[in-house]
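Quick note, the sequences are listed as chains P, C and A, same order. According to full-length UniProt numbering, the first sequence is numbered sequentially starting from 1. According to full-length UniProt numbering, the second sequence is numbered sequentially starting from 1. According to full-length UniProt numbering, the third sequence is numbered sequentially starting from 1.
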Amino acid sequence: MGVIAVSVYIEVLTFYARQMRLLDALDVEGYANTFTEDGVTDHAHRGEKIEGRAAMIAGAKHALPRYAGVAVRHWNDHYLVDEVDENTLNVTYCSLVTRTDAEGAVTFEPTFFIEDVLVRVDGELLTRSRTIHRDGQAKQVAQAS
Amino acid sequence: MGVIAVSVYIEVLTFYARQMRLLDALDVEGYANTFTEDGVTDHAHRGEKIEGRAAMIAGAKHALPRYAGVAVRHWNDHYLVDEVDENTLNVTYCSLVTRTDAEGAVTFEPTFFIEDVLVRVDGELLTRSRTIHRDGQAKQVAQAS
Amino acid sequence: MGVIAVSVYIEVLTFYARQMRLLDALDVEGYANTFTEDGVTDHAHRGEKIEGRAAMIAGAKHALPRYAGVAVRHWNDHYLVDEVDENTLNVTYCSLVTRTDAEGAVTFEPTFFIEDVLVRVDGELLTRSRTIHRDGQAKQVAQAS
């Protein structure tokens, strides 16, 4: 893994700050627009692969009622950024997910390890693929393969 | 939102590392000194606005007994930094707050979304205003307005 | 504390991203190899000091059964990086530790404050010493001494 430019590292952190806020605001279309048109989300831990923005939006809207009345937040850490080529980045990180209810009580979803491929299109980063591994399963995925 | 210099981004992260440690050490004066003399903290979720360092110190000392015997920690994520002018930055981020007791047991305060205005005075960043939104309320504030 | 180069700051974040993943993967040898041969871990809160990679590996293997069936994750925040000399860095940060079980339920270890000395050997960062303070004890260590 080579040394990436510091400007790329900050660009990546800022990309995730924006994308996670759209996700946590349950802004389904806004979140889908941070993926490429053919972007893929692979929930590896439950064998569910969603391909393309349209399918992503449909799936997310289906899941929305689950989050009625709670504020979801994703807390990411330990980003590793690997430059595949000038406009393609492999990014891996861990994610802790909280749910805060109307009284302010916080509960937790499982923790996750995520492998993303980001591409820069017209100067802007987008997620081309996201593979999500749930922690605590038989075969722990603590690092990128 | 333009692209900020990487040095400014690191300056901001380092500012928060220092400020949060003062806050979590319950160093009321030290924390107040990371604000401008007329600095404002607006607890938007409970309609409480504290103006100026003196009021901030008085209010914090009043709240201290609440934290007797527990170690508070703020865990921030998803910083977005927007340069208003050379010495003024709008910064937004999320905050998870833990309380660790003498036995090491961890409990949680609600999660928050925060909007800060930082100013650089004599080469040093200070908070001019802080607006705190509690998560889980009727109108979720997941992003800056 | 002077201003460190942004490239050093990113180098440090990337070092911890790798080291924490090895730790959380329970890769005892891989983790020990991120320390110098004579690296020291001082669990200040329980008066236990482990010196050298060999002792670190033996101690960690002894502790492994405690983590059978759970996925451990360290979530760090508020890094402060101080350059002692060209190849020596003092780094301090806070750490939140989760345990996720097979059902995905998350529980918490205490929170910690950590003081590291990193050295750059043949262009690569290694931990020369790590002092770990548990939060919530009589004398709170919220900042570096």
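Glycine included, every Cβ here is placed at the ideal spot set by N, Cα and C.
| Query | Result |
| --- | --- |
| Beta carbon proximity, Phe108/P to chain A, threshold 8 Å | yes |
| Asp77/C classed as buried or exposed, judged by whether at least 16 other C-beta atoms fall within 10 angstroms | buried |
| Cβ neighbour criterion (16 or more within 10 Å) applied to Leu64/C | exposed |
| Members of the region 111 to 133 of chain C that neighbour chain A once the beta carbon cut-off is set at 7 Å | none |
| Cβ separation of Glu37/P and Gly52/P, assumed to be a contact under 8 Å, to the nearest whole Å | 7 Å |
| Minimum Cβ-Cβ distance from Ser7/A to chain E less than 8 Å | Included in the structure are the protein chains P, C and A, with no chain E among them. |
| Proximal chain A residues relative to Val70/C, where beta-carbon distance stays under 7 Å | Gly136 |
| Phe108/A versus Trp75/C, Val117/C and Ala105/C, residue with shortest Cα-Cα distance | Ala105/C |
| Ala144/P versus Glu124/P - alpha carbon distance | Its pLDDT being 48, under 50, Ala144/P is placed unreliably by the model, and the measurement read from it follows with that caveat. Ala144/P and Glu124/P: Cα-Cα distance of roughly 24 Å. |
| Where Met56/P meets chain C, residues with beta-carbon distance less than 8 Å | Residues of chain C passing the Cβ test: none, with the nearest at roughly 19 Å. |
| Per-residue burial, Val12/A [other beta carbons within 10 Å of its own, 16 or more giving buried] | buried |
| is_contact[His78/A, chain C] using C-beta, thresh 8 Å | yes |
| Straight-line Cα distance separating Gly47/C from Gln137/C | 13 Å |
| Cβ of Leu96/C within 8 Å of any chain P Cβ | yes |
| For Ser145/A, three-class secondary structure by DSSP | Since pLDDT at Ser145/A reaches only 43, below the 50 mark, its modelled position is unreliable, and the value read off the structure follows with that caveat. Three-state DSSP puts Ser145/A in coil, outside helix and strand. |
| Contained alpha helix (DSSP H) runs [length at least 4] in the UniProt domain "SnoaL-like" (11 to 131) of chain P, N- to C-terminal order | 28 to 32 and 53 to 63 |
| Within chain C, the residues that Thr14/P reaches when beta carbons sit closer than 7 Å | Leu80 |
| Beta-carbon proximity check, Arg99/P vs Val121/P, cutoff 8 Å | no |
| Chain P residues whose Cβ lies nearer than 7 Å to that of Thr100/A | Pro110, Thr111, Asp135 and Gly136 |
| Sequence-distant residues of the same chain with beta carbon closer than 6 Å to Trp75/C, five excluded per side | Leu96 |
| Beta-carbon separation (whole angstroms), Leu118/A vs Leu89/A, contact threshold 8 Å | 4 Å |
| Ile10/P versus Thr14/C - alpha carbon distance | 14 Å |
| Residue-chain proximity (Ala32/C, chain A), Cβ-Cβ < 8 Å | no |
| Pick from Val6/P, Ala25/P, Ser129/P and Ile50/P that is closest to Val72/P, judged by C-alpha positions | Ala25/P |
| Minimum Cβ-Cβ distance from Ile4/C to chain A less than 8 Å | no |
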